[in-house]
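In my numbering, the protein residues as written are 2 to 70.
Heads up, the thing below is written out as structure tokens.
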Amino acid sequence: MSEVLDRPKEGKLVTMEFQDAYVRTRKARELLLQMKEVSAAMGRSDLVDDCMVANTELQDLLSELTFNP
């Protein structure tokens with residue numbers, strides 16, 4: 002079940018069920034790690050960096066989803 006959090010600086014945020022969000026971000030992170038490994042094997046450090054940035058963004062998103070007002 003979704004819930005609405007009142008966040009003064011950002012307005013209302015509708016969140017999905019935590020478990021659903023966690024599973025979805027975990028799958029995306031696993032894919033990013035695979036892409037990072039392939040990119041490293043190809044010698045594409047720029048893509049490795051992009052994968053790391055995207056992984057950090059997903060971790061930050063998960064932190065936002067677990068925000069407790």
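Just so you know, even glycine gets a beta-carbon here, dropped at the ideal spot from N, CA and C.
Just so you know, these numbers come straight off a predicted model, no measurement behind them.
What residues in its chain sit with their C-beta under 7 Å from that of residue i, if we drop five residues either side in the sequence?
{"i": "D61", "result": "none"}
{"i": "A55", "result": "L33"}
Considering only their Cβ atoms, is the gap separating residue j from residue i smaller than 7 Å?
{"i": "V49", "j": "K37", "result": "yes"}
When the Cα atoms are used, what is the spatial distance from residue i to residue j?
{"i": "T26", "j": "S40", "result": "21 Å"}
{"i": "S46", "j": "L63", "result": "26 Å"}
{"i": "L33", "j": "G44", "result": "16 Å"}
{"i": "M53", "j": "A29", "result": "12 Å"}
{"i": "L59", "j": "A42", "result": "23 Å"}
{"i": "D51", "j": "Q35", "result": "13 Å"}
Given residue i, which residues of its chain have a CB within under 6 Å of its CB, disregarding the five upstream and five downstream residues?
{"i": "E31", "result": "none"}
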